[in-house]
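Note sheet for the following structure.
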Amino acid sequence: MTLTLRLLTVAVFAALAACSGPAGTASSGSDAQSFSIERTACFGFCPMYAATVDADEKLVFEGQRFVAAEGTHEKTLPEGSFERLIEIAERHGFAGFDSAYPNEAGDNCPQMATDMPSVIVSVSSKKLTHAVSFYRGCFEFDGRDRLEAMIEEVDAVLALDDWIGSREDFMGARE
Numbered sequence: 164m165t166l167t168l169r170l171l172t173v174a175v176f177a178a179l180a181a182c183s184g185p186a187g188t189a190s191s192g193s194d195a196q197s198f199s200i201e202r203t204a205c206f207g208f209c210p211m212y213a214a215t216v217d218a219d220e221k222l223v224f225e226g227q228r229f230v231a232a233e234g235t236h237e238k239t240l241p242e243g244s245f246e247r248l249i250e251i252a253e254r255h256g257f258a259g260f261d262s263a264y265p266n267e268a269g270d271n272c273p274q275m276a277t278d279m280p281s282v283i284v285s286v287s288s289k290k291l292t293h294a295v296s297f298y299r300g301c302f303e304f305d306g307r308d309r310l311e312a313m314i315e316e317v318d319a320v321l322a323l324d325d326w327i328g329s330r331e332d333f334m335g336a337r338e
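The numbering of the sequence shown is this note's numbering, which starts it at 164 and goes up by one.
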């Protein structure tokens with residue numbers, strides 16, 4: 164995926180998050196609250212999926228490729244999970260991150276590798292509205308460790324391991 168296409172994807176995803184509820188359902192203006200994470204393709208067996216949580220703790224998982232559960236799946240997260248996700252984002256200074264790494268000029272990505280996936284995080288809440296597309300091949304920018312730590316904490320709250328599965332499942336290591 165070219166940088167321009169990747170940035171366009173981020174812009175579209177951010178716009179959808181701002182005006183949609185989980186799984187693209189329409190909502191009534193600024194009352195829509197959601198926290199979503201999407202993982203994109205790479206050159207290999209990277210899990211491709213999107214997961215969105217609304218303020219009522221409903222999680223919608225849309226497995227695309229290289230996941231154990233393709234298609235749309237739903238579950239209710241424990242009470243307080245949505246607020247916990249917002250707190251994680253605030254604690255890691257999510258609003259201060261650029262909207263894309265690398266940005267269109269490429270000047271916020273000092274070192275770059277190819278064929279890596281992106282992680283797109285979008286938050287729309289009463290406290291915070293922001294979206295970030297993070298190409299995992301973008302290295303050595305200020306805040307990368309903080310962004311990585313935030314994504315790891317988000318993954319722990321969402322607990323998607325059963326739906327994602329293990330990488331070995333898609334590499335033929337298991338029978």
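Note that beta-carbon positions come from the ideal geometry of N, C-alpha and C, so glycine has one too. Since we're looking at a predicted model, the values are computed, not measured.
Inter-residue CB distance, residue i and residue j (contact presumed, cutoff 8 Å)
i, j, result
"L222", "V317", "Rounded, the Cβ-Cβ distance is 12 Å, inconsistent with contact."
"L310", "F245", "Contact doesn't hold; Cβ gap of about 20 Å is too wide."
"A195", "S287", "6 Å"
7 Å Cβ cutoff met for residue i and residue j
i, j, result
"P280", "C209", "yes"
"P273", "E237", "no"
"I327", "V282", "no"
"L321", "A213", "no"
"S197", "D219", "no"
"A276", "G300", "yes"
Burial state of residue i (16 or more Cβ within 10 Å)
i, result
"R228", "exposed"
"R202", "buried"
"S285", "buried"
"F206", "exposed"
"E225", "buried"
"S296", "buried"
"R254", "exposed"
"S329", "exposed"
"A258", "exposed"
"A312", "exposed"
"A294", "buried"
"A319", "exposed"
Per DSSP, the bridge partner or partners of residue i
i, result
"Q196", "Answer by DSSP bridge pairing: none, since Q196 is not bridged."
"A213", "E201 and E225"
"V284", "I200 and V295"
"M275", "C301"
"G234", "G226"
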